[in-house]
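Chemist: My structure is below; once you've seen it, I'll send some questions.
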Amino acid sequence: MMEKKVYELIDSYRDAYTEMLQRWIRVPSVRSDAEDGAPFGRDVRKMLDTAMEDARSLGFPVRDFDGYACDVTLGDAEEKIAVLGHLDVVPVGDGWTKPPFEGLIENGRMYGRGTNDDKGPALASLFAMKAIKEAGIPLKKSIRLILGCDEESEWQDMAYYGAHEQIPDVGFSPDASFPLINTEKGMLVLAVFAPVSQSGLKILELSTGDRVNVIPGECRALVEGNEDTAAQVRAYAEKTGLPYTAEVTDKGVWLKAVGIPGHSAYPEGKRNAIGMMLLLLKELGADGPIATLADKVGMEHDGRSLGCACRDEISEELTCNMGILKLENGKWFCTLDMRCPVTADQEKLKESAIGNLQGFEVYIGTQKPPHHVPAESELVSSLLAAYEEETGLEGKPMSTGGGTYAKVLKQGVAFGALFPDEEDLAHQADEYEEIDRLMLAMKIYANALIRLAAE
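Encoded structure:
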């Protein structure tokens, strides 16, 4: 009877949840320069304050961990179930036709950066906790929602939180897909530098990408040249069938490559505009580092020409993305974001990549091991049962190249909120989530938390 009350309460929350999510979306919580009390910048701090104020208004005790993260707790049992979400978002990027920070609602969809990744699901988890509390469900374990502020960058938030508070052993992150992800690939990010070549095509300007984990949708470069150069570009576009343009100006020729943006962990169906530009620049006569990057990376997304291609049955193929390429102070700088199969030897992958990038300085930017929770575990079986009960669909665990906070838990999985038939627009233009789907996710989360924490 009490559990029925939970679902009745959730149905009654729709308007309050929608209005609160709009308020969260309207905060452009992209990481920026640190300020006092705001380690990830003013806007992220504002988002954290907004989330804490809203959680308090829903009747929960809230703790602020010096601007790095906050936590919200239901229950007083010593043993805790963790729910880990994040409040920061990636930069807007190119190609939006809807306002990214208004929470615009059209045809039952809310548009905006963070609706799916990860404000919408994180807030759905909070409202699921509210329903459990207001329904009076007795708990044998506490539920702790931890909201971080640096998931899209370096995870300094979780490091800080873990240094000041014990992180629960078991839980989930509502920051990926349903039915459930119990396997996350390892992560290896390389920072690559090389001096500009003094011969070949002269490249005057190029600066593309803000985050290593985003597939760039557009890349522009200014090169020395004239109408003949522009004609070469048009010919190459026709030969390859790829969308390139060239504009002759008094400064030189502006080149543009138009890709298909997305998350670096999911390159299928996307097209990296930096890779397109590398191939075009080599075609126009660029040599040295640019030619090497064109040959060794180009538009590949499996690391094959770097000698890094590999796969296993648990987590499938390695993926590799160049998210940033910049010309600064006479040097090229780029990033390579590899998502590595569970059984891959990351040390050998590093050696192979470095060996194939002769003449480059290569540094390790980020390195994270893979994460796997057995499918037969109580956590996985409980969450899949909740998903199946609320959707009527069969639930099976999956693997991903994405990295979620589930990795910081001894037993953690990624659990929603994207449904199998939905388009994944995380890190893409016109990100949206259907309000009906978020409300269904809220019921799934409430069901799951009752299974994991109730008496």
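Just so we're aligned: the sequence shown equals residues 504 to 958 in the working numbering. Virtual Cβ for every residue (Gly too), placed ideally from N, Cα, C.
#1: Quick check on Glu654: does DSSP put it in helix, strand or coil?
#2: Gly703 to Leu784, Cα distance in whole Å?
#3: Taking the continuous beta strand (DSSP E) assigned at His589, which residues delimit it?
#4: Kindly confirm or deny that the segment 624 to 633 and the segment 937 to 957 touch, where touching means at least three C-beta pairs closer than 8 Å.
#5: Per the DSSP calculation, Pro698 is bridged to which residue(s)?
#6: Compare the Cα-Cα distances from Pro872 to each of Glu881, Ala909 and Asp514 and report the closest residue.
#7: Go ahead and label Asp653 buried or exposed: buried means 16 or more other beta carbons lie within 10 angstroms of its beta carbon, across all protein chains shown.
#8: Quick check on this structure: which residue in Arg714, Thr576 and Phe836 has the alpha carbon closest to the alpha carbon of Phe630?
#9: Please go through the segment 800 to 875 and give each complete beta strand (DSSP E) segment of 3 or more residues, from N-terminal end onward.
#10: Quick one: what's got a C-beta closer than 7 Å to Leu882's C-beta in the same chain, skipping five residues either side?
#11: Please classify Gly596 as buried or exposed, where buried requires at least 16 other C-beta atoms within 10 Å of its C-beta.
#12: So what does DSSP say about Pro900, is it helix, strand or coil?
#13: Within the same chain, show all residues whose beta-carbon is closer than 8 Å to that of Arg545, passing over the 5 residues directly before and after it, in chain order.
#14: So the beta strand (DSSP E) Gln914 belongs to, where does it begin and stop?
#15: Spatial neighbours of Leu642 within its chain, please: CB distance less than 8 Å, with the 5 preceding and 5 following residues excluded, ordered by chain position.
#16: So, Leu693 versus Gly868, is the Cβ gap smaller than 8 Å?
#17: Which of the three DSSP states is assigned to Met711 in this structure?
#18: According to DSSP, is Ala646 helix, strand or coil?
#19: Please confirm whether Pro936 and Arg612 have their CB atoms less than 8 Å apart.
#20: On the CB-based measure, 16 or more other CB atoms within 10 Å of its CB, does Leu831 come out buried or exposed?
#21: Measuring CB to CB, does Val509 end up less than 8 Å from Ala638?
#22: Hey, Asn824 and Asp840 are a contact pair by Cβ (cut 8 Å); roughly how many whole angstroms apart?
#23: To which residues of the same chain is Ser645 closer than 8 Å at the C-beta, ignoring the five residues directly before and after it?
#24: Count the CB pairs spanning the segment 709 to 729 and the segment 771 to 778 that are closer than 8 Å, and state whether there are at least three.
#25: List the endpoints of the continuous alpha helix (DSSP H) containing Lys759.
#26: Arg612 CB to nearest chain D CB: under 8 Å?
#27: I need the DSSP call for Tyr769, collapsed to helix, strand or coil.
#28: In whole angstroms, what separates the C-alpha of Glu897 from that of Asp518?
#29: Could you check where the beta strand (DSSP E) with Phe630 kicks off and where it finishes?
#30: Compare the Cα-Cα distances from Ser532 to each of Tyr571, Leu512 and Glu522 and report the closest residue.
#31: Please state whether DSSP places Ile513 in a helix, a strand or coil.
#32: Could you tell me which of Gly562, Arg526 and Leu683 sits nearest to Met550, measuring between CA atoms?
#33: Which residue wins for smallest C-alpha separation from Leu809, given the options Leu607, Leu928 and Lys799?
#34: Which residues share a DSSP beta bridge with Glu750?
Modeler: Reading it off the structure:
#1: coil
#2: 10 Å
#3: Lys583 to His589
#4: yes
#5: Lys834
#6: Ala909
#7: buried
#8: Thr576
#9: 822 to 824, 828 to 831, 834 to 843 and 864 to 871
#10: Val673, Val876, Gln914 and Val916
#11: buried
#12: strand
#13: Ser535 and Glu538
#14: Gln914 to Ala917
#15: Leu577, Gly578, Ala580, Ile635, Ala956, Ala957 and Glu958
#16: yes
#17: It should be noted that the sequence gives Thr, not Met, for residue 711. The answer is strand: DSSP assigns Thr711 an E or B state.
#18: Position check: residue 646 holds Ile in this sequence, whereas Ala was assumed. Strand.
#19: The amino acid at residue 936 is misidentified as Pro; the sequence shows Glu. Their beta carbons are under 8 Å apart, which means Glu936 touches Arg612 by this criterion.
#20: In the sequence as displayed, the identity of residue 831 is Glu instead of Leu. By the 10 Å Cβ count, Glu831 comes out exposed.
#21: yes
#22: 5 Å
#23: Thr576, Leu577, Gly578, Asp579, Ala580, Glu581, Glu582, Lys583, Ile584 and Ala956
#24: yes
#25: Segment Gly755 to Val761 is the beta strand (DSSP E) holding Lys759; no alpha helix (DSSP H) there.
#26: Absent from the structure is chain D; it holds one protein chain and no more.
#27: coil
#28: 30 Å
#29: Careful: Phe630 lies outside any beta strand (DSSP E), inside the alpha helix (DSSP H) at Lys622 to Ala638.
#30: Tyr571
#31: helix
#32: Arg526
#33: Lys799
#34: Trp757
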